[in-house]
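Going by our numbering, the letters in the sequence shown line up with residues 357 to 511, in that order.
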Amino acid sequence: MSPYYKYKKEKFLEKYKAAYNNLSDLKESINQYKNTNSKIIRRAMFAFFQDFCEYIIDICESYIIINDGRVNSTTTSLKLIEQAFNEGFFDKNLKNCLSMAVKLRNRYTHDYYQRESSEKQIEDFCFQKLAYLEIFLEESKEHVILKYKDNSKNN
């Protein structure tokens with residue numbers, strides 16, 4: 357096993373914990389922004405959102421590797437989420453939510469000419485979805501699964 361794959365396997369739980377903690381920070385910044393409308397808190401919310409997306413991509417990649425799958429450097433973030441879903445890491449609803457977050461992150465990062473509309477979409481997504489999302493790992497002898505709970509009133 358290459359050092360890269362060994363590292364990914366060893367660091368899986370740490371990456372999940374980082375994603376979990378980052379989601380907590382994101383939710384706190386969302387609540388503070390709702391209450392204060394501070395542009396500094398808004399920027400923090402976007403930073404936490406981008407970090408959360410990166411952590412999700414990373415744990416999807418690690419999950420694939422832990423289950424003896426292969427990824428290459430040209431695999432897109434959305435394909436990693438799809439492959440992790442196909443390997444049973446999470447259900448379709450969570451896959452759709454995570455895919456949407458990454459699509460919004462990609463648009464925000466790469467489509468500078470649409471920055472204002474991208475920010476509005478991310479803000480709405482954070483307020484409507486991520487503010488109410490809880491993630492946790494569930495494990496059995498055979499599998500580790502990323503579970504979630506949507507505490508929104510619109511589930």
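Note that beta-carbon positions come from the ideal geometry of N, C-alpha and C, so glycine has one too. Only a predicted model underlies this, so the values are computations on that prediction, with no experimental measurement involved.
- Per the DSSP secondary-structure output, Phe492 pairs in a beta bridge with Lys503.
- Here Ile491 is not near Phe405, since their CB atoms are 7 Å or more apart.
- In this structure the segment 497 to 504 does not lie against the segment 390 to 407, because fewer than three pairs of beta carbons, one per stretch, are closer than 8 Å.
- At a Cβ-Cβ threshold of 7 Å, Leu460 and Phe481 count as neighbours.
- The segment 370 to 377 and the segment 455 to 471 do not touch, with fewer than three beta-carbon pairs separated by less than 8 Å.
- The three-state secondary structure of Ser429, taken from DSSP, is coil.
- Here Lys367 carries a coil assignment [DSSP, helix/strand/coil].
- By the neighbour-count criterion, in which a residue is buried when 16 or more other Cβ atoms sit within 10 angstroms of its Cβ, Asn378 is buried.
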